[in-house]
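Peer 1:
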Amino acid sequence: MSLTARVSCSMLSCFGEEGPPSLEYIQAKDLFPPKELVKEEENLQVPFTVLQGEGVEFLGRAADALIAISNYRLHIKFKDSVINVPLRMIDSVESRDMFQLHIACKDSKVVRCHFSTFKQCQEWLSRLSRATARPAKPEDLFAFAYHAWCLGLTEEDQHTHLCQPGEHIRCRQEAELVRMGFDLQNVWRISHINSNYKLCPSYPQKLLVPVWITDKELENVASFRSWKRIPVVVYRHLRNGAAIARCSQPEISWWGWRNADDEYLVTSIAKACALDPGTRATGGSLGTGNSDASEACDTDFDSSLTACSGVESTAAPQKLLILDARSYTAAVANRAKGGGCECEEYYPNCEVVFMGMANIHAIRNSFQYLRAVCSQMPDPSNWLSALESTKWLQHLSMMLKAAVLVANTVDREGRPVLVHCSDGWDRTPQIVALAKILLDPYYRTLEGFQVLVESDWLDFGHKFGDRCGHQENAEDQNEQCPVFLQWLDSVHQLLKQFPCLFEFNEAFLVKLVQHTYSCLYGTFLANNPCEREKRNIYKRTCSVWALLRAGNKNFHNFLYTPGSDMVLHPVCHVRALHLWTAVYLPASSPCTLGEENMDLYLSPVAQSQEFSGRSLDRSQSGHPLQPTECYLPNSSDPSTDFVNQDPPESVASISHQEQPSSVPDLIDGEEDTDKRGNNRNGQLLENPRFGKVSLDLARKPISQSQIMPPLYLDDDGLPFPTDVIQHRLRQIEAGYKQEVEQLRRQVRELQMRLDIRHCCAPPAEPPMDYEDDFTCLKESDGSDTEDFGSDHSEDCLSEASWEPVDKKETEVTRWVPDHMASHCYNCDCEFWLAKRRHHCRNCGNVFCAGCCHLKLPIPDQQLYDPVLVCNSCYEHIQVSRARELMSQHLKKPIATASS
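Residues in the sequence shown are numbered consecutively from 1, following the UniProt record's numbering.
1. Between 862, 865, 342 and 870, which lies nearest to residue 853 when the distance is taken from Cα to Cα?
2. Which residue from 850, 109, 417 and 222 puts its Cα closest to that of residue 201?
3. Which two residues bound the contiguous alpha helix (DSSP H) that contains residue 210?
4. Since residue 388 is in the alpha helix (DSSP H), which residue starts that stretch and which ends it?
5. Determine contact between the stretch 735-742 and the stretch 569-588, defined as no fewer than three beta-carbon pairs at a distance below 8 Å.
6. Assuming residue 240 and residue 278 form a contact by the criterion Cβ under 8 Å, report the distance between their Cβ atoms to the nearest whole angstrom.
7. Could you tell me the boundaries of the alpha helix (DSSP H) in which residue 511 lies?
8. Counting C-beta neighbours from all protein chains within 10 Å, is the total for residue 471 16 or more, i.e. buried, or is it exposed?
9. If we require 4 or more residues per run, which alpha helix (DSSP H) segments fall completely within the stretch 415-476?
10. Leaving out five residues on either side along the sequence, give the residues of the same chain with a beta carbon under 7 Å from the beta carbon of residue 518.
11. Nearest CA to the CA of residue 715: which residue from 408, 545 and 186?
12. Which word fits residue 443, buried or exposed, when buried means at least 16 other C-beta atoms lie within 10 angstroms of its C-beta?
13. Assuming residue 350 and residue 318 make a contact with CB atoms under 8 Å, what is their CB distance in whole Å?
14. Apart from the five residues just before and just after residue 842, which ones in its own chain have a Cβ nearer than 6 Å to its Cβ?
15. Just to check my reading of the structure: residue 225 and residue 261 have Cβ atoms closer than 8 Å, yes? What is that Cβ distance to the nearest angstrom?
16. Going by DSSP in three states, residue 367 sits in which element: helix, strand or coil?
17. Spatial neighbours of residue 96 within its chain, please: C-beta separation below 7 Å, excluding the five flanking residues on both sides.
18. Can you tell me whether residue 70 is helix, strand or coil according to DSSP?
19. Using the Cα positions of residue 196 and residue 450, report the straight-line distance between them to the nearest angstrom.
20. Give me the Cα-Cα distance between residue 900 and residue 583, rounded to the nearest whole angstrom.
21. So, are the CB atoms of residue 99 and residue 78 less than 8 Å apart?
22. In the structure shown, what three-state DSSP assignment does residue 858 receive?
23. What is the rounded straight-line gap between the Cα of residue 752 and the Cα of residue 741?
24. Check residue 52 in the structure and name its three-state DSSP category.
25. Between residue 386 and residue 431, how many whole angstroms is the CB-CB distance? I'm expecting something under 8 Å.
26. Only counting the same chain, and skipping five residues up and downstream in sequence, which positions put a Cβ closer than 6 Å to that of residue 524?
27. Closest by CA to residue 745, which one among 820, 138 and 729?
28. Less than 8 Å separating the beta-carbons of residue 352 and residue 345?
29. Judging by CA-CA distance, which residue of 213, 510 and 534 is the nearest neighbour of residue 186?
30. Are residue 416 and residue 320 closer than 8 Å when you measure CB to CB?
31. When the Cα of residue 533 is compared with those of 510, 562 and 461, which residue comes out closest?
32. How long is the line joining the alpha carbons of residue 30 and residue 55, rounded to whole angstroms?
33. Going by DSSP, what residue range makes up the alpha helix (DSSP H) through residue 129?
34. Have a look at residue 375 and residue 270 and give me their C-alpha separation to the nearest angstrom.
35. Let's test the definition: count the other Cβ atoms within 10 Å of the Cβ of residue 562 and tell me whether it reaches 16, buried, or not, exposed.
36. Over the uninterrupted alpha helix (DSSP H) stretch that includes residue 529, give me the two end residues.
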């Protein structure tokens, strides 16, 4: 481990005091020194590769395993499996049955470890309890030590790669406003009233409000909203201009307080949406009168509904929907604490709807029940009834229904929506962020999802420190709740229902769950942006988006079809939802594959047949099979070839894992066989993303090393979660690339043979470059060859004896073989499973679908029916025919006018 990492003194101010002026650099080993390793046996070796800044503190033996505790993780290595859990993901540790440690994790997994003696069990219980205790200060979290030691890496670029998010994260607010088309000149404005978080520490520094709302009015509104979380706009529908705003509850209390500025701000949001219509609006752009009215209303004025009559008379605003995530009973009960809800009588042209979503206490209890159910022995007889009693899926259903209501109101009705709950940092971001995913395909991409999490969760003050339990000196267990995990579960439900419309896969979401609690990265530390700014967390910790970057193919969904702008309409019924087995069930990772769980096996052939069918259905018992996590031997090279490896006799699997419920249909191809003449028995798989894929390749078995290398860990020191579908698609791609490379080698060998033949016998004509240009000759009956070999008299004839022949009659279209074209002849894009090749029937070159999708008949080549031609040939043929028709028209005699 390198000890040359250094931290500049400019970062020391984050510790509360600036370092001595004379001290220029402090070494990371002094700032975060490694602790001395305590071994129970001298011959023991650390069974894993430590991360930067990670130091193993305790190493010993359990009854049937090797156990280690570092400042980052708990590592238990059994004979056939490995447990690898970050310390901050551990929720509780207790001793059961005298010799067993019972470890409950915040992602619902439960780990059990047996010891030989009671004394040894108590000793490791004490060590693990101290390691998982609440931090006394932020620097006790591993994210700070990890970043400090990363600074000492030799490559200068590596620090930026590991620790800094991309430009789309830094400049997200400005880019989002431009992308959503806000009219910042006439209708909307960015208020800097929260600069340096002087108005609200849990809000971003820049707030979007209607242009005629002044900062003085925003201050009055802040005094009326809980935690000063005023209504601000966070999304605009491009086609109809309807906006989504968010806030906290109004402080009505039992006295029924009102605030005229708050009422005016809420109604002004609807007016601004009418003044800034989308591209689908029939009214056209704003006229000069609207601009004048906006400028007139930009000054200080009395906050009455009739103060800006010029704007009010130009457009008829839609009725604004105020969606309260709570039940009506809970909203009224909050009036005893000084809160409450909006009254429709005081908010003109507004409608209030209550969704009845549970609060954090009910969600926490539901999650604890879910963890207890998932930690039972596999295949309990009351599994379904026990799962139903947790009400976890019911809570997911309510969240989805609320998001669908917001999306439909904005998209179908063109009405603006204001969303809030009690404080506006738990249920509010769940609904708003989920609705934005339904409405906008940008948030279904890797980059857009990162922007969504940063803007709607981090910038608007979701209390990650309290909810995840890693905030220092916070002993109130009632503040903990898996709110963000519940939202990620709802995104997982959407991914299952729309598997081709998300750029990221399930592994991306699972990693996000892990690092919500791991404290390896600083992205989810602290409770609000103000705390992160004061503690300088952005500069002193690494970003999780460096691991989950868009360029990492391990998190790319191979079924993703880009370019779709459809609005999602998911099924929200409980019967359509599925338990997230990759996260909740202990059997979803190899860490709990002990001897008691090794009694059920699933052969690789069964896996292949299950994937290659029309869908992945549930088994009759209600607990379908799914192989354990499929890890890649090299995360940086997802295209590694595993196709020719020998299959194992069996692969361990768990009985109560759940298969994905829906996969896009893989249908037989209707045209084009294999370019080498094989149609693979007529069985082709077709998918919007992959095109046609061979069933033979899809049914090749998964090798054992491909499924579960026992000690393979990702860059974050945790196992890589891969579902079987994405893994099979990755295997198909690897096999496809291998097949293409094999064909290229064969072509190169043939070319070498032809070159040798040309060297031995002087060619009658200049040699042809077979790498770039191939000729497809017509079939012959052999008579031409015989005549050529027996009679050479024609060679002695003079050139004058040849009759002139039209060049078009002798010209043969030169066809480029499929396997020799790796890139499109026009746009130079690379061909693979998702980029199919298309021959132009006129020029013979190979193009992609975007450059060769037009059809024309080519009579010169006896192709009288329309055939595929490239864009260039299409234009050339069209121009040639137009000129030919024009010349024929000019040659016609001019008809004399009849008298």
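Just so you know, even glycine gets a beta-carbon here, dropped at the ideal spot from N, CA and C.
For clarity, every value in this text was computed on a predicted model and none was experimentally measured.
Peer 2: From the atom records:
1. The shortest C-alpha separation from residue 853 is found at 870.
2. Check the Cα spacing between residue 201 and each of 850, 109, 417 and 222: the tightest is with 222.
3. For residue 210, there is no enclosing alpha helix (DSSP H); the enclosing beta strand (DSSP E) has its first and last residue at 207-210.
4. Its alpha helix (DSSP H) spans residues 383-390.
5. Between the stretch 735-742 and the stretch 569-588, the count of C-beta pairs closer than 8 Å stays below three; the two stretches do not touch.
6. The Cβ separation is near 4 Å, so the contact holds.
7. Taken as a continuous stretch (DSSP letters only), the alpha helix (DSSP H) holding residue 511 covers 506-517.
8. Under a 10 Å Cβ-count criterion, residue 471 is classified as buried, with 16 or more other Cβ atoms of the shown protein chains found around its own Cβ.
9. Residue ranges of uninterrupted alpha helix (DSSP H) with 4 or more members, entirely inside the stretch 415-476 and ordered along the chain, are 427-439, 446-452 and 464-468.
10. Around residue 518: 86, 88 and 89.
11. Measuring from the Cα of residue 715, the nearest candidate turns out to be 545.
12. It counts as buried.
13. Rounded, the Cβ-Cβ distance is 11 Å, inconsistent with contact.
14. The residues are 858, 869 and 873.
15. Incorrect: roughly 11 Å between the Cβ atoms, too far for contact.
16. Secondary structure of residue 367 (DSSP, three-state): helix.
17. Cβ neighbours of residue 96 beyond the five flanking positions: 102.
18. Residue 70: strand per DSSP, three-state reduction.
19. Going by the C-alpha atoms only, they are around 24 Å apart.
20. No answer is possible for residue 900: the residues shown for the chain start at 1 and end at 899.
21. Cβ distance not < 8 Å, so residue 99 and residue 78 don't count as in contact.
22. Reduced to three states, the DSSP call for residue 858 is strand.
23. So the two alpha carbons sit approximately 17 Å from each other.
24. It is coil, neither helix nor strand.
25. Under the criterion of beta carbons closer than 8 Å, residue 386 and residue 431 do not qualify as touching, at roughly 28 Å.
26. 464 and 516, listed in sequence order.
27. It is 820 whose Cα lies nearest to the Cα of residue 745.
28. No, Cβ-Cβ distance for residue 352 and residue 345 is not below 8 Å.
29. When the alpha-carbon of residue 186 is set against those of 213, 510 and 534, the nearest one is in 213.
30. Their beta carbons are under 8 Å apart, which means residue 416 touches residue 320 by this criterion.
31. Selected option, being the one with the closest Cα: 461.
32. Near 14 Å, if we compare the C-alpha coordinates of residue 55 and residue 30.
33. For residue 129, the enclosing alpha helix (DSSP H) has its first and last residue at 118-131.
34. Just so you know, the alpha carbons of residue 375 and residue 270 end up roughly 49 Å apart.
35. Its Cβ having fewer than 16 others within 10 Å, residue 562 is exposed.
36. Start and end: 529-534.
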